[in-house]
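Taking this note's numbering, I'd label the letters of the sequence shown as residues 84 to 175.
This report concerns only the one structure given below.
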Amino acid sequence: MRIDRLPTVDVDVLPDDPSPPDVWQERSACFGIDPDVFFPISEEEAGPALAFCSACTIRSECLSWALKNGERYGVWGGLTEQQRRRLTRQVA
């Protein structure tokens, strides 16, 4: 599965000052899942992580944290590393 498209993300509705993961991670859809799932070797292997994110109620908090803190690796808030870089370039 190739992840080329950037999902629609309204950065204006993301939390301005997201809490760190230790505050919200227990409420995430990925809580308790093997972290390796969220650090795939390639974009093509991100499908399982993205599936968890799509069902997550705190996805915007997670994505906001990743963007604000420059998380370079892994899937955060439903976006892969490349997707977050593209998003960051678009809003810069």
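Even glycine gets a Cβ: it sits at the ideal position worked out from N, Cα and C.
Keep in mind it's a predicted model, so treat the numbers as computed, not measured.
Does the Cβ-Cβ distance between residue i and residue j come in under 9 angstroms?
i: D99; j: S143; result: no
i: C139; j: S102; result: no
i: L170; j: V92; result: yes
i: E154; j: R167; result: yes
For residue i, which residues from the same chain have a beta carbon less than 6 angstroms from its beta carbon, with the 5 sequence-adjacent residues on both sides left out?
i: C145; result: W159, G160
i: V174; result: V94
i: V44; result: Residue 44 lies beyond the stretch modelled for the chain, which goes from 84 to 175, so this question has no answer here.
Below 7 angstroms CB to CB, which residues in the same chain sit around residue i once its five sequence neighbours on both sides are set aside?
i: Y156; result: F122, E164
Please classify residue i: does DSSP put it in a helix, a strand, or coil?
i: L162; result: strand
i: D105; result: helix
i: T91; result: coil
i: R172; result: helix
i: E127; result: helix
i: P98; result: coil
i: F121; result: helix
i: A181; result: Not covered by the structure: residue 181. The range shown for the chain is 84 to 175.
i: R110; result: helix
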